[in-house]
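Q:
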C-alpha cells in the first residue's frame, strides 16, 4: 500500500509546524507557504527549516507579493499600518486580517492536491483563530468543503481536514510536545525582527500557549511576554 | 451618489471582455488578470489593451507563475502536454483544465473586493463552460457565495455576480455587439501565436459563437475555423 499524500497550508508557525509533524507520521508531505509580502518574512526561513526537519517531499513558497497592493489595508502587508501590540483577541488585532487570505490559500492547496491526486488537504486553524479570522471558523470549513466537491467534480476529491479546529492553542503546544514537533524552529512574530519581539499579538499568544500547557517555551524573545495572569487581568 | 465598484476576473477573452464592457456602463472597473504561465500569453496583452479601451480604474496582472509546477498536468501550463485541437466540448478538452483555477481566481477577486469595499465581484462564466470546467457551474457559484458570506463575516459582503451564467456564447456575441464591447481586441486562442490559430478548441468555440449569433467575426485566424455545420456533423 502506498503512503497517502497530504497538502498543507504551512506558514512555519507553531500551529502549522505541529500540523506538519502530525501528518509526517502517516503521509507524504506537500507543504505550501505563501510569500505575500508579509513583514514577518523570517517566517519563510522558519518554514524552510521545518520542512527540512520533517523530510517533506515538496515545499513550495508561493510568491503572492503581487497580491499585496490588491489586498492592502492589513497591517501584515501595508507599511502604512502599524502592527498592533497587545492581546491577540483584542479588537486592534483586526488590523492584521488580510481579507479572504485563508480562503485563497486553501483553494490553492486544493488545486495542488487535485493535480497530484493527493488524499488530504489540511489546514492548521484552531479555536483561538475563530474570533479574529472569519475564514478560520468551522462554518468556513463546511462551506469550503462544499465548494471543493463542486469545483473538482470528475476528479478525486481530497478530504479537507483541520484536526485542530476545536483545539485551543495550548492543547496544540501539548500535542506538539507529545509528537516531538520541531517548535523550536517555528516562527510566530508578526514584527519581522531576528528574534521574536515578545509584545505583538502573536508573540503573546505563543508564549501564553506554552505557559497554559505547562510546556517549556523554546522561544527567544526580545522583550519577555507578559505573564498569562497579567494579560488575563488586563482583559477583565 | 458615488459610482459602485466591480472587481472582475478578466482574461481578456471574449466573455470577460463583454463582461467588463457590461459593468463599465454602471461601475468603476477593477480588472484582475492572471499570469499563471499559460502558453497563450498573448491573452495578457489583449487584456491590457481592453482595460485601456474601457477606461478601467485598475488592471492588475497577478503573477501566479509559481503555481504552474504546483498545478501541473494541464495543457495550459505544462509544456509536456499537447494542446488538443478539435471541438471545445470534446473529452480531449479536459486536458485544458487547471484544477480549481476558477475558485482560486474568484477568491482573490473576493479579497480584493473586500479590501476596497467594492460592491460586486463578477465572473464571466457561461453555459458553454459548464460541461468542461466544474468550477464554472451554477452549483459552484452557489457554493462560492456561501463561502464568501462566511469568510468575510464582519466586513461588507460583495455580491458575487455572473450575469452570463445561463447564456450560450453566441448570446454573449450578440450582447457584445449591442453594447459595443471591444471584441476586436479580445483574445481566445490557447496556442499562443501572434494571430488566432483557428483550430484549437477555444478558437473553434469563438468562431462558432459569432457564426451562430449572426455577428461579423473581427478575428484574424491563421487557419479558417471549420464551419458550424461541419463541426456539428463531426460530433454526431
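Chains as they are written, first to last, in the working numbering: chain Y, 1 to 236; chain X, 1001 to 1236.
Beta carbons: idealized from backbone N, C-alpha and C, even for Gly.
Nothing here was measured: the structure is a model prediction, and the numbers come from that model.
Between which residues of its own chain and residue 152/Y is the CB-CB distance below 6 Å, once the five residues before and five after are set aside?
A: By one-based count along the first chain, residue 152/Y stands at place 152. Excluding positions up to five away in sequence, the list reads 114.
Q: So the alpha helix (DSSP H) residue 1022/X belongs to, where does it begin and stop?
A: To locate residue 1022/X, count along the second chain from 1; it is residue 22. First-last of the alpha helix (DSSP H) with residue 1022/X: 1014-1024.
Q: Please give me, in chain order, every unbroken run of the alpha helix (DSSP H) with length at least 4 that falls completely inside the region 116-181 of chain Y.
A: 138-151 and 169-178
Q: Comparing alpha-carbon positions, which option in 42/Y, 111/Y and 71/Y lies nearest residue 307/Y?
A: Given a span of 1 to 236 for chain Y in the structure shown, any question on residue 307/Y remains unanswerable.
Q: Does residue 1195/X pass the burial test, meaning 16 or more other C-beta atoms within 10 Å, or should it be called exposed?
A: For the purposes of this step, residue 1195/X is identified with residue 195 of the second chain, where counting begins at 1. By the 10 Å Cβ count, residue 1195/X comes out exposed.
Q: Would you tell me roughly how many angstroms separate the C-alpha atoms of residue 1219/X and residue 1063/X, rounded to the nearest one?
A: Residue numbering aside, residue 1219/X sits at position 219 when the second chain is read from its first letter. Residue numbering aside, residue 1063/X sits at position 63 when the second chain is read from its first letter. One C-alpha to the other measures close to 27 Å.
Q: Which chain A residues sit within Cβ distance under 9 Å of residue 62/Y?
A: No chain A is part of this structure, whose protein chains are labelled Y and X.
Q: Mapping the DSSP letters down to three states, classify residue 110/Y as helix, strand or coil.
A: The residue labelled residue 110/Y in the question sits at position 110 within the first chain. The answer is helix: DSSP assigns residue 110/Y an H, G or I state.
Q: Quick check on DSSP: helix, strand or coil for residue 63/Y?
A: Working through the first chain from its first residue, we reach residue 63/Y at position 63. Look at residue 63/Y here: in three-state DSSP terms it is strand.
Q: Just to confirm, is the Cβ distance from residue 127/Y to residue 166/Y under 9 Å?
A: Residue 127/Y sits at position 127 when you count from the first residue of the first chain. Residue 166/Y sits at position 166 when you count from the first residue of the first chain. In this structure, residue 166/Y lies closer than 9 Å to residue 127/Y by Cβ.
Q: Would residue 1094/X pass as an interface residue toward chain Y - the criterion being a Cβ-Cβ separation below 9 Å?
A: As a working mapping, residue 1094/X is identified with position 94 in the second chain. Note that residue 1094/X scores a pLDDT of 46, beneath 50, so its modelled location is shaky; the value from the coordinates is reported in the next line. Yes, its Cβ sits closer than 9 Å to a Cβ of chain Y.
Q: Name the two residues that bound the continuous beta strand (DSSP E) containing residue 1028/X.
A: Numbered from its first residue, the second chain carries residue 1028/X at position 28. Its beta strand (DSSP E) spans residues 1028-1035.
Q: Along chain Y, which residues have their Cβ under 9 Å away from the Cβ of residue 1134/X?
A: Here residue 1134/X refers to the residue found at position 134 when the second chain is read from its first residue. The contact set of residue 1134/X on chain Y, defined by CB atoms closer than 9 Å, consists of 150, 151, 152, 153, 154 and 155 in chain order.
Q: Given a cut-off of 9 Å, decide if residue 1212/X and residue 1170/X are closer than it, judged by their beta-carbon atoms.
A: For the purposes of this step, residue 1170/X is taken as residue 170 along the second chain, with counting starting at 1. For the purposes of this step, residue 1212/X is taken as residue 212 along the second chain, with counting starting at 1. Yes, the pair counts as a contact, with Cβ atoms nearer than the cut-off.
Q: List the residues of chain Y whose Cβ lies closer than 9 Å to the Cβ of residue 1112/X, in chain order.
A: Position 112 of the second chain, counted from the start, is the residue given in the question as residue 1112/X. What residue 1112/X touches in chain Y: 67, 70, 71, 99 and 100.
Q: Using 8 Å as the threshold, is the region 14-29 of chain Y in touch with the region 123-143 of chain Y, meaning 3 or more CB pairs across them?
A: yes
Q: DSSP beta-bridge partners for residue 7/Y?
A: The count along the first chain starts at 1 and reaches residue 7/Y at position 7. The partner list for residue 7/Y (beta bridge, DSSP) reads 30/Y and 121/Y.
Q: In chain X, which residues lie with their C-beta within 9 Å of the C-beta of residue 43/Y?
A: Sequence index remark: in the first chain, residue 43/Y carries index 43 (1-based). Going along chain X, no residue has its Cβ under 9 Å from residue 43/Y, so there is no contact; the nearest lies around 17 Å.
Q: Is the CB-CB distance between residue 1025/X and residue 1172/X below 9 Å?
A: Taking the second chain and counting its residues from 1, the one referred to as residue 1025/X is at position 25. Taking the second chain and counting its residues from 1, the one referred to as residue 1172/X is at position 172. No. Outside cutoff.
Q: Please compile the residues from chain X whose C-beta is within a distance smaller than 8 Å of the C-beta of residue 179/Y.
A: Residue numbering aside, residue 179/Y sits at position 179 when the first chain is read from its first letter. Within 8 Å Cβ-Cβ: nothing; residue 179/Y doesn't reach chain X, min ~27 Å.
Q: If we define contact as Cβ-Cβ less than 9 Å, is residue 249/Y a contact residue for chain X?
A: Residue coverage of chain Y in this structure runs from 1 to 236, which leaves residue 249/Y outside it and unanswerable.
Q: By a C-beta neighbour count over all protein chains shown, 10 Å radius and 16 as the cutoff for buried, is residue 1012/X buried or exposed?
A: Your numbering for residue 1012/X matches position 12 in the second chain. Looking at its Cβ environment, which holds 16 or more other Cβ atoms inside 10 Å, residue 1012/X is buried.
Q: In chain Y, what lies closer than 8 Å to residue 1140/X by C-beta?
A: Within the second chain, the letter at position 140 stands for residue 1140/X. 147, 150 and 151, listed in chain order.
Q: Classify residue 43/Y as helix, strand or coil using the three-state DSSP reduction.
A: Against the first chain, residue 43/Y aligns to sequence position 43. The answer is helix: DSSP assigns residue 43/Y an H, G or I state.
Q: Measure from the C-beta of residue 1104/X to each C-beta in chain Y and report whether the shortest distance is under 9 Å.
A: Position 104 of the second chain holds residue 1104/X. Closer than 9 Å to some Cβ of chain Y, the Cβ of residue 1104/X qualifies, so yes.
Q: Which bits of chain Y does residue 1144/X rub up against, with CB to CB less than 8 Å?
A: Walking along the second chain from the start, residue 1144/X turns up at place 144. In chain order: 147.
Q: Pull the bridge partners of residue 208/Y from the DSSP assignment, please.
A: Against the first chain, residue 208/Y aligns to sequence position 208. DSSP lists no partner for residue 208/Y.
Q: Is it buried or exposed, residue 129/Y, if we count other Cβ atoms within 10 angstroms and call 16 or more buried?
A: Along the first chain, read from residue 1 onward, the residue named residue 129/Y stands at position 129. Buried, since its Cβ has 16 or more Cβ neighbours within 10 Å.
Q: Look at the alpha carbon of residue 1035/X and the alpha carbon of residue 216/Y, and state the distance between them as a whole number of angstroms.
A: Taking the first residue of the second chain as position 1, residue 1035/X is located at position 35. Taking the first residue of the first chain as position 1, residue 216/Y is located at position 216. Computed Cα separation, rounded: 46 Å.
Q: Evaluate contact between the region 1146-1164 of chain X and the region 133-151 of chain Y, counting only Cβ atoms and requiring at least three cross-stretch pairs below 8 Å.
A: yes
Q: If you measure between the beta carbons of residue 5/Y and residue 116/Y, is that distance less than 9 Å?
A: Residue mapping note: residue 5/Y aligns to position 5 of the first chain, counting from 1. Residue mapping note: residue 116/Y aligns to position 116 of the first chain, counting from 1. Contact flag set, yes.
Q: Using the beta-carbon of each residue, which ones in chain X are nearer than 8 Å to residue 28/Y?
A: The sequence position of residue 28/Y within the first chain is 28, counting from 1. Per Cβ cutoff of 8 Å: no residues; residue 28/Y is ~15 Å from chain X at best.
Q: Does any residue of chain X bring its CB to less than 9 Å from the CB of residue 213/Y?
A: Here residue 213/Y refers to the residue found at position 213 of the first chain. No, its Cβ sits nowhere closer than 9 Å to a Cβ of chain X.
Q: Sorted by chain position, which residues of the same chain lie with C-beta nearer than 8 Å to residue 1027/X's C-beta, five sequence neighbours on each side aside?
A: Your numbering for residue 1027/X matches position 27 in the second chain. Excluding sequence neighbours, residue 1027/X sits near 1003, 1004, 1005, 1006, 1119 and 1120.
Q: I'd like to know if residue 81/Y contacts chain X, where contact means its C-beta is closer than 9 Å to some C-beta of that chain.
A: Start at 1 with the first residue of the first chain, and residue 81/Y comes out as number 81. Because the pLDDT at residue 81/Y is just 48, under 50, the model does not fix this residue reliably, and the value given afterwards should be weighed accordingly. Residue 81/Y does not count as touching chain X.
Q: Between which residues of its own chain and residue 1223/X is the CB-CB distance below 7 Å, once the five residues before and five after are set aside?
A: Taking the second chain and counting its residues from 1, one reaches residue 1223/X at position 223. Contacts found: 1197, 1198 and 1199.
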